[in-house]
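Residue numbers (our numbering), protein chains in the order written: chain W, 10 to 706; chain V, 22 to 321. Even for Gly, the Cβ is constructed at its ideal location relative to N, Cα and C. Owing to the predicted nature of the structure, the values given are computational and were not obtained by experimental measurement. Input: a single structure, listed below in structure tokens.
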């Protein structure tokens with residue numbers, strides 16, 4: 010027999026962004042419980058609103074399957090004498106509460122033992138759940154928890170106020186912090202009743218009638234559909250904002266959008282400011298016309314069903330008006346003092362306690378920016394100017410109020426104050442990229458400034474030991490490092506990574522780690538290709554990108570993987586040889602002595618190599634890595650033949666050394682692009698790459 | 022129409038009906054109702070307590086010479102402490118809005134995450150800002166720690182922004198236009214206060230004087246707190262006056278800050294100094310209130 014199961018945790022308002030992760034945690038905890046308790050059930054489904062976390066499943070077994078447990082007794086040798094049970098066997102049977110005839114024997118690694126197969130009757134699901142649910146609920150993972158009763162009481166994200174737990178028609182009885190589970194839910198704060206009796210079958214309907222849409226997916230769809238209806242025929246559309254939609258779906262139990270408007274005169278303020286006020290401070294969608302120009306409207310999403318008297322719309326319009334007035338006031342006042350005049354004020358703004366003020370940072374970033382400009386062979390003056398002014402907006406009222414606009418405001422103020430476009434644009438974009446999806450700054454000056462700013466933060470923090478560990482990265486250093494990598498690659502900036510780390514080994518490794526992440530997880534290159542290319546050098550990231558692209562292009566060709574396997578073999582041979590009494594000349598240093606070459610495959614290999622060598626060199630110099638790799642791959646028949654017919658470890662030490670030198674040259678010519686030994690054979694060519702061992706002389 | 026003072030009367034009556042002591046504003050400058058001893062000290066220890074009071078709260082840096090319609094140097098908070106927090110605390114709170122004439126079925130109420138932390142007081146809690154039609158009208162906090170001490174009974178703290186709430190009720194765009202009493206606007210009552218304090222805080226306050234006042238209050242507080250361990254008659258010990266010196270320091274710090282007189286390196290250190298005093302006062306208070314001290318008191 011099986012029953013449906015429903016459990017609702019009723020709480021005070023849970024922060025919107027925590028609800029989905031909590032539901033996932035709940036679902037996995039519950040799944041774990043069912044598995045551990047051998048309770049069969051259908052799929053687990055969760056739903057959430059700010060005030061409830063709902064978990065449902067169907068076909069929950071009403072009781073556990075009966076189980077058996079084998080209890081081990083004394084060894085058979087001690088349990089029976091002459092076929093008769095001894096005291097040991099009788100004692101064990103007595104302990105098990107059965108007749109000695111019910112015992113059986115079983116083999117163990119230690120020998121044969123007497124055992125009793127004990128039946129365990131399955132408990133009912135209700136019993137098990139009643140016992141386990143309180144702990145399970147309190148085990149849900151939250152970023153931050155609270156106590157709401159007395160010290161030492163249960164911790165949860167917000168106070169738990171009601172609990173519904175039903176297995177079929179029956180309540181699963183338990184209690185948390187004085188709240189007893191039952192079959193009564195609670196409706197929407199304004200639209201519903203405080204007591205809503207529910208059954209599993211009519212849970213959603215009962216709650217809907219009491220003002221609550223249980224499913225976030227449905228709330229999301231309703232918001233979208235109702236916004237469409239509001240804007241239909243007006244030539245307007247909202248600026249899509251998936252993150253805001255998500256927030257609104259989880260901050261409401263019954264979402265309804267309202268369309269509000271503001272005075273057109275505010276459109277004279279920068280659109281960045283208006284949008285930020287609406288988005289970040291009021292959680293409004295901004296609205297634009299068909300051309301994408303910001304319109305004097307907004308869409309707010311209420312947590313109620315309607316606004317019959319327009320009071321909610323008017324209230325929101327008034328709030329927005331006050332905020333826009335503030336913004337206009339800030340804009341006017343901030344412009345009275347130029348950014349240049351604000352530089353000294355940065356002494357009063359802390360960057361980081363140990364790293365000093367933003368004035369100190371500004372000076373460091375300026376110096377670094379000049380260095381980077383010189384490395385990039387460009388005029389350092391514009392980026393130095395931009396670096397000087399970049400952080401000054403931190404002293405403006407606008408940024409103190411709308412911190413999300415740091416950088417952007419600096420750029421806008423710089424523009425108003427007549428700074429050249431190269432400078433103001435660099436300031437405007439210097440926090441970019443804000444994420445892996447975000448674009449890098451559009452101009453070289455902007456890129457250099459962004460690099461200098463991020464590198465200064467990284468260098469400073471690593472110097473004072475503020476290194477991210479595990480999930481802890483309060484200063485978002487990973488993001489800064491990721492930004493550095495993205496700018497270097499996508500901005501085509503061949504600035505040596507080792508110089509950017511300023512000799513800090515942990516920082517260099519941290520950056521290299523981000524390089525790997527970037528090419529593998531963001532750009533989708535295979536891990537072995539990334540390893541191979543980075544092993545051949547990782548100082549110049551655009552070059553790394555070109556080499557990776559070449560490998561990716563050449564890899565599917567027939568010669569590549571077998572050749573890679575051969576190179577791996579060459580590397581092994583050379584490594585073994587390096588440990589011997591007469592090692593060959595250091596990598597790439599030796600000269601092949603033609604007179605020592607054996608006619609046939611060895612000479613053929615040498616000649617083929619000599620022929621392609623210049624071609625490879627030329628291609629490499631022009632960074633035409635694909636051509637270079639194709640040329641290298643073309644030597645595969647000669648390499649294969651060589652390994653087939655020639656014994657590298659020849660008895661004559663001179664001949665042997667000469668062969669090793671030939672292989673070494675071959676390897677070093679290709680290794681400048683990628684270390685082929687890092688390439689892991691794909692299945693199709695795996696057999697071709699199987700290693701052979703070289704016999705010892 | 023509800024005047025500013027009507028709103029106050031009704032909210033006080035509402036919370037009085039729900040078992041709160043109606044206190045009067047504390048008479049030392051504070052930055053928030055939380056800092057008044059009725060909250061900061063009373064939330065400590067195991068004794069249940071319910072209190073509501075209006076607290077004029079001073080934030081020197083927020084002054085705008087009376088020119089900004091929404092920003093004030095000094096604003097009025099209604100501070101409600103329910104210790105321990107009752108299970109229906111949110112319903113009680115929503116009832117208070119109905120009591121001042123807000124028909125919640127015609128409005129949009131949201132509880133948006135807003136955790137509160139006051140490093141100078143060693144205090145933090147979790148809660149929400151309560152949004153009414155997009156306007157933040159109340160800060161709702163479940164205190165977790167105060168004076169660096171985990172709380173025995175978790176109180177709910179409701180802090181109403183009275184000017185905003187009244188501007189909402191009266192549909193005014195500027196706080197100065199709200200009616201305080203019939204025929205008297207908020208501006209009539211308070212504009213001069215805003216203007217003059219802004220001039221003082223931003224332009225005329227003497228930095229050296231403020232620093233020496235800060236140091237005097239700090240010293241006096243330290244002197245008192247150092248006496249506590251050996252003070253024989255604990256229940257007579259002046260913890261409350263010592264705490265008043267903490268408040269003075271805190272306010273002077275805010276003044277110095279609005280004057281731009283505190284440098285980066287100083288800032289963290291000065292906050293640390295105030296915090297140390299606050300933690301010291303809290304620890305004395307808890308000890309003074311403890312059952313051991315209470316028993317000594319009874320015995321005497």
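Would you mind listing the alpha helix (DSSP H) stretches within the segment 258-336 of chain W that are 4+ residues and don't spill past its ends, in chain order? 280-285
What are the start and end residues of the alpha helix (DSSP H) that includes residue 27 (chain W)? 25-45
Check whether the segment 412-431 of chain W touches the segment 280-288 of chain W, taking contact to mean three or more Cβ pairs, one atom from each stretch, closer than 8 Å. yes
Buried versus exposed call for residue 97 (chain V) [16 or more other C-beta atoms within 10 Å across all chains shown]: buried
Can you tell me whether DSSP reads residue 694 (chain W) as helix, strand or coil? Low confidence applies here, because residue 694 (chain W) scores a pLDDT of 46, under 50, leaving its location unreliable and the question unanswered by this model.
To the nearest angstrom, how far is it from the Cα of residue 296 (chain V) to the Cα of residue 267 (chain V)? 9 Å
Residue environment, residue 189 (chain W), which counts as buried when at least 16 other CB atoms sit within 10 Å: exposed
What residues from chain V crowd round residue 321 (chain W), counting only those whose CB sits closer than 7 Å? 128, 129 and 154
Could you compute how far the alpha carbon of residue 705 (chain W) sits from the alpha carbon of residue 671 (chain W)? Residue placement at residue 705 (chain W) is poorly supported in this model, since its pLDDT is 41, which falls under 50; the coordinates still yield a value, given next. The straight-line gap from Cα to Cα measures roughly 19 Å.
Where residue 16 (chain W) falls, given that 16 or more other Cβ within 10 Å makes a residue buried: buried
From residue 201 (chain W) to residue 160 (chain V), what does the alpha carbon distance come to, in whole angstroms? 24 Å
Going by the beta-carbon positions, is the gap between residue 90 (chain V) and residue 194 (chain V) smaller than 7 Å? yes
Interface residues of the segment 11-43 of chain W facing chain V [CB-CB below 7 Å]: 21, 22 and 24
Closest to residue 129 (chain W) by CA distance: which of W:261, W:73 and W:297 is it? W:73
Starting from residue 151 (chain W), find everything on chain V with Cβ-Cβ shorter than 9 Å and list it in chain order. Within 9 Å Cβ-Cβ: nothing; residue 151 (chain W) doesn't reach chain V, min ~11 Å.
Between residue 700 (chain W) and chain V, is there a C-beta pair that is closer than 7 Å? Annotation note: pLDDT 40 at residue 700 (chain W) (below 50); position unreliable, coordinate value reported separately. False, the Cβ-Cβ gap to chain V never drops below 7 Å.
So within the segment 334-377 of chain W, which uninterrupted alpha helix (DSSP H) runs reach at least 4 residues, ignoring any that extend past its ends? 348-351
Tell me which residue opens and which closes the alpha helix (DSSP H) that residue 573 (chain W) is part of. 569-587
Any idea which residues DSSP pairs residue 171 (chain W) with across the strands? W:19
Contacts of residue 222 (chain V) in chain W (Cβ-Cβ under 9 Å): Near residue 222 (chain V) there are no residues of chain W at all, since even the closest Cβ is about 16 Å away, more than 9 Å.
Put residue 144 (chain V) into one of helix, strand or coil per three-state DSSP. strand
In terms of residue numbering, what span does the beta strand (DSSP E) encompassing residue 128 (chain W) cover? 120-129
Assess, as a yes-or-no matter, whether the segment 342-353 of chain W is touched by the segment 297-312 of chain W under the definition of 3 or more beta carbon pairs within less than 8 Å. no
Under three-state DSSP, which class holds residue 495 (chain W)? helix
Determine the extent of the alpha helix (DSSP H) in which residue 439 (chain W) is found, giving its start and end residues. Residue 439 (chain W) -> no alpha helix (DSSP H), and no H or E assigned at all.
I'd like the list of long-range same chain contacts for residue 693 (chain W), defined as Cβ closer than 7 Å, with 5 residues on each side in sequence excluded. With a pLDDT of only 49 at residue 693 (chain W), under 50, the local geometry of the prediction cannot be trusted, and the value read off the model is given with reservation. Cβ neighbours of residue 693 (chain W) beyond the five flanking positions: none.
Please report how far the alpha carbon of residue 239 (chain V) lies from the alpha carbon of residue 314 (chain V), in whole angstroms. 27 Å
Name the DSSP bridge partner or partners of residue 139 (chain V)? V:144
Taking only three categories from DSSP, how would you classify residue 159 (chain V)? strand
Could you give the DSSP three-state label for residue 791 (chain W): helix, strand or coil? Nothing about residue 791 (chain W) can be reported from this structure: the residues present for chain W run from 10 to 706 only.
Could you round the C-beta distance between residue 51 (chain W) and residue 28 (chain W) to whole angstroms and report it? I think they count as a contact, below 8 Å. Actually they are not in contact, since the Cβ atoms of residue 51 (chain W) and residue 28 (chain W) sit about 23 Å apart, beyond 8 Å.
Where does residue 514 (chain W) fall in DSSP's three states? helix
Do residue 148 (chain W) and residue 38 (chain W) have their CB atoms nearer than 7 Å? yes
Taking only three categories from DSSP, how would you classify residue 54 (chain W)? strand
For the segment 291-313 of chain W, which residues have a CB atom closer than 7 Å to at least one CB atom of chain V, in sequence order? 291, 309, 311, 312 and 313
At least one CB of chain V closer than 7 Å to the CB of residue 324 (chain W): is that the case? yes
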